[in-house]
Each structure stands twice: as C-alpha cells, then as structure tokens.
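A.B. asks: Here the protein sequences come in this chain order: A and B. Our numbering applies: residue 97 is where the first sequence begins, and numbers increase by one. Our numbering applies: residue 5 is where the second sequence begins, and numbers increase by one. Even for Gly, the Cβ is constructed at its ideal location relative to N, Cα and C.
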Amino acid sequence: MTNRDRIHCEEVIAHLLAYLDGEIDAEKRRQIDHHLEECRACFSRAEFEKALRQKVKQLGHEKSPHSLQKRLKGLIDRF
Amino acid sequence: MKMDRSVREPLLAAVPSLRAFAISLCGNVDRADDLVQETLLRALANIDSFQPGTNMPAWLFTILRNLFRSEYRKRRREVEDADGSLAESLKSHPEQMGRLEMREFRQALAQLPPDQREALVLVGASGFSYEEAANICDCAVGTIKSRVNRARSRLAKLLAIDGIEDFGPDEATRAVLEDQKT
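1. How would you call G156/A, buried or exposed, if buried means at least 16 neighbouring beta carbons within 10 angstroms?
2. Between L48/B and S10/B, what straight-line distance do the alpha-carbon atoms span, to the nearest angstrom?
3. Could you name the residues of chain A that P20/B contacts, counting a contact when the two beta carbons are closer than 7 Å?
4. Can you pull out the residues from the segment 127-142 of chain A whose beta carbon lies closer than 7 Å to at least one beta carbon of chain B?
5. So, helix, strand or coil for T43/B, using DSSP?
6. Going by alpha carbons, who is nearest to F65/B out of R158/B, R156/B, G131/B?
7. How would you call G128/B, buried or exposed, if buried means at least 16 neighbouring beta carbons within 10 angstroms?
8. Skipping 5 residues on each side, what residues in its chain have a beta carbon closer than 8 Å to that of W63/B?
9. With burial defined as no fewer than 16 other Cβ atoms inside 10 Å of the residue's Cβ, what is the status of V33/B: buried or exposed?
10. For a contact meaning CB atoms closer than 7 Å, what does F109/B contact in chain A?
11. Distance check for L22/B and K159/A, CA to CA, integer angstroms please.
12. Exposed or buried, Q150/A, counting other C-beta atoms within 10 Å across all chains shown (16 or more means buried)?
13. Where does K95/B fall in DSSP's three states?
14. Let's see if you can read the secondary structure: which residues bound the alpha helix (DSSP H) around I140/B?
15. Quick check: the Cα distance between S140/A and R126/A, rounded to an integer number of angstroms?
16. If we cut at 9 Å on Cβ distances, does G31/B have a partner in chain A?
17. By the three-class DSSP mapping on this structure, what secondary structure does L163/B have?
18. Tell me the rounded alpha-carbon separation between D119/B and L132/A.
19. Candidates G118/A, K124/A, A122/A: which alpha carbon is nearest S133/B's?
20. Which residues of chain B have a Cβ atom closer than 8 Å to the Cβ of K169/A, listed in chain order?
21. Using three-state DSSP, classify T58/B as helix, strand or coil.
22. For a quick check, are the C-beta atoms of L163/B and F25/B less than 9 Å apart?
23. Compile a chain-ordered list of the residues in the segment 32-55 of chain B whose CB is closer than 8 Å to at least one CB of chain A.
24. For R18/B, which three-state DSSP category applies?
25. So is M7/B in contact with chain A if we call contact Cβ pairs under 9 Å?
26. Got a sec, what are the start and stop residues for the alpha helix (DSSP H) E133/A sits in?
Structure follows, in structure tokens:
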C-alpha cells in the first residue's frame with residue numbers, strides 16, 4: 097500500500113459504522129482493513145463497536161421468565 | 005382445538021425479542037410483559053388474516069409498536085439522571101467493555117431518545133433489516149439508518165467514548181504516522 101492509499105484515523109472513525117455494516121466499497125474497506133492492522137487506537141475503537149453490537153444483540157436473546165412463558169403458552173393454547 | 009404448530013412455534017419463538025423491544029419502548033419490565041401478552045392476544049384474534057410464509061416477526065413487532073403508541077405512550081416515564089450519578093457510573097474505557105455489565109449497558113440504553121432506542125433494538129437486537137425496521141416504524145429507510153447510527157454514537161458517548169480524541173493514535177503510533185508522511 098502506498099502512502100497515497102493510506103487513510104487517517106479521522107476518516108476511519110467517520111466510516112467505521114458503515115464499515116462494520118458492510119456498506120462501504122471494496123477500496124475503502126481495503127484501506128480501513130489495512131489501517132486497523134497498524135493503528136491500535138482505531139482497532140480498539142472497532143473492537144469496542146463490535147462489543148457494543150454484541151451487547152445490543154444479546155438483548156434480543158435473553159430468556160423470558162418462566163412465569164411469562166407459561167402465561168403466553170396458556171394464552172396460545174386457548175385459541 | 006390446539007393451534008397449528010406452524011403458527012404456535014413462531015409466535016413463541018418471537019417472545020424474547022418482542023420482550024426486549026417492549027422493554028426498550030416502555031422501560032418497565034412488568035409493563036413490557038403485559039404489552040407482549042396484549043400483542044399475542046391481538047395477533048391471535050387476527051391470525052386468520054396472517055398469510056403463512058410472510059414475515060411473522062415483523063407483523064408481531066408492528067402490532068406491538070402500534071399498541072404501545074396508542075395505549076402506553078402517555079404513561080411512559082423517562083429514565084432521569086438528575087444528579088449525574090448515573091452518567092458518572094457509566095464512565096469506562098474501551099478495554100473495559102468486555103467487563104461492562106449488562107446492567108450498566110441497559111442504563112446507557114435507557115438514556116437514548118426513544119426513536120433511536122427503538123431503531124437500534126429493532127436492527128441490532130431483533131435482527132430486522134433496515135427495510136423491515138422502516139416498515140415497522142412507518143418511516144423511510146434512511147431515517148432508520150440515521151437513528152441507528154446516532155444511537156450507536158450516543159451509546160459510545162454515554163460510555164465515555166467521545167470519538168477521535170479518545171481513539172486517535174497514541175504517541176507512538178502518531179510518531180510512526182508522522183514518519184510515514186515525510
């Protein structure tokens with residue numbers, strides 16, 4: 097990668113959410129991939145964003161309490 | 005007569021993410037559970053109008069959201085942090101994220117504006133595409149994307165991650181970058 101292809105931290109942070117969503121073009125992805133290999137700070141930020149997404153995802157997978165499950169199954173079985 | 009499994013199973017499978025969505029809307033677990041129950045009641049009452057093979061979770065989320073908007077919104081209470089103690093307790097460094105307790109994360113989530121929280125939970129927790137979430141919220145896809153991005157940025161700020169100042173290169177990295185420029 098030439099110096100001209102390099103991008104700076106500000107640009108990486110600006111595109112980070114789109115990068116993690118897979119919504120940037122191949123060239124920009126390559127530049128960010130390369131930047132993250134070299135920049136510990138931006139790598140940390142990307143890891144933080146991934147961890148945050150994982151936490152949000154976890155919300156939708158938390159088991160409902162038994163009492164609610166029982167109540168809803170009873171409800172469904174009445175139909 | 006027992007309900008067909010092809011209907012019963014998807015209804016029950018949707019409960020955890022419906023519940024997460026309901027909690028994100030009304031901020032109260034007991035009321036969220038009631039909201040989920042009302043949603044299933046409404047869905048069951050109209051189950052004949054549901055077309056098999058179409059997106060049942062999206063249908064259920066739309067019902068839940070409409071119920072909330074018509075019946076619950078007035079009773080919604082915002083989480084307040086008058087003395088700033090909550091914000092103070094949320095401060096952490098990215099390396100601490102792995103240890104971030106779910107309780108703290110929920111507190112930060114509760115501080116997001118309702119429309120951003122709703123969009124984030126639909127896309128991030130319930131797995132809907134931006135297009136599906138836009139249909140559920142009856143708004144444009146771009147609006148949902150913008151709300152999700154703002155929610156993520158706001159969450160990072162609430163967790164004391166303010167952006168480039170916190171994540172810019174450290175001294176050693178900066179020196180290397182400067183060398184490369186010359």
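C.D. replies: Considering the structure as presented:
1. Within the first sequence, the letter at position 60 stands for residue 156/A. Per the 10 Å Cβ criterion, buried.
2. Counted from its first residue, the second sequence places residue 48/B at position 44. Counted from its first residue, the second sequence places residue 10/B at position 6. Per the coordinates, the alpha-carbon of L48/B lies some 13 Å from the alpha-carbon of S10/B.
3. By 1-based counting over the second sequence, the position of residue 20/B is 16. In chain order: G156, H157, E158, K159, S160.
4. Legend: CB atoms of the segment 127-142 of chain A lying less than 7 Å from CB atoms of chain B belong to residues C135, R136, A137, C138, S140, R141.
5. Along the second sequence, one-based indexing puts residue 43/B at 39. T43/B falls in the helix class under three-state DSSP.
6. Within the second sequence, residue 65/B is the residue found at index 61, counting from 1. From the listed residues R158/B, R156/B, G131/B, the smallest Cα separation to F65/B is found for G131/B.
7. Working through the second sequence from its first residue, we reach residue 128/B at position 124. Result: buried.
8. The sequence position of residue 63/B within the second sequence is 59, counting from 1. Cβ neighbours of W63/B beyond the five flanking positions: A47, F54.
9. Locating residue 33/B in the second sequence gives position 29, where the first residue counts as 1. The residue is exposed, with fewer than 16 neighbouring Cβ atoms inside 10 Å.
10. For the purposes of this step, residue 109/B is taken as residue 105 along the second sequence, with counting starting at 1. Listed along chain A, the residues sitting closer than 7 Å to F109/B by beta-carbon distance are K151.
11. Translated into the one-based positions of the first sequence, residue 159/A becomes position 63. Translated into the one-based positions of the second sequence, residue 22/B becomes position 18. Straight-line Cα distance between these residues: approximately 11 Å.
12. The residue labelled residue 150/A in the question sits at position 54 within the first sequence. Its Cβ having fewer than 16 others within 10 Å, Q150/A is exposed.
13. Taking the first residue of the second sequence as 1, we reach residue 95/B at position 91. In this predicted model, K95/B has a pLDDT of only 39, less than 50, meaning its place in the structure is not dependable enough to derive any value.
14. Along the second sequence, one-based indexing puts residue 140/B at 136. Looking at the DSSP string, the run of the alpha helix (DSSP H) that includes I140/B is 134-141.
15. By one-based count along the first sequence, residue 140/A stands at place 44. By one-based count along the first sequence, residue 126/A stands at place 30. Taking the Cα positions, S140/A is about 18 Å away from R126/A.
16. In the second sequence, the residue the question calls residue 31/B occupies position 27. With 9 Å as the cut-off, G31/B does not count as an interface residue toward chain A.
17. One-based indexing of the second sequence puts residue 163/B at position 159. The DSSP-derived three-state label of L163/B is coil.
18. Taking the second sequence and counting its residues from 1, one reaches residue 119/B at position 115. Taking the first sequence and counting its residues from 1, one reaches residue 132/A at position 36. In this model, D119/B and L132/A are separated by some 32 Å (Cα to Cα).
19. In the second sequence, residue 133/B corresponds to position 129, counting from 1. Comparing Cα positions, the closest option is G118/A.
20. Locating residue 169/A in the first sequence gives position 73, counting from the first residue. Near K169/A (Cβ distances below 8 Å), the residues of chain B are L16.
21. The sequence position of residue 58/B within the second sequence is 54, counting from 1. The answer is coil: DSSP assigns T58/B none of H, G, I, E or B.
22. Translated into the one-based positions of the second sequence, residue 163/B becomes position 159. Translated into the one-based positions of the second sequence, residue 25/B becomes position 21. No, Cβ-Cβ distance for L163/B and F25/B is not below 9 Å.
23. Those would be D37, V40, Q41, L44, L45, L48, I51, in chain order.
24. The sequence position of residue 18/B within the second sequence is 14, counting from 1. The question names Arg, but residue 18/B in the sequence shown is Ala. Three-state DSSP puts A18/B in coil, outside helix and strand.
25. As a position in the second sequence, residue 7/B is number 3, starting the count at 1. So yes, M7/B belongs to the interface.
26. Working through the first sequence from its first residue, we reach residue 133/A at position 37. Counting along the chain, the alpha helix (DSSP H) containing E133/A begins and ends at 122-134.
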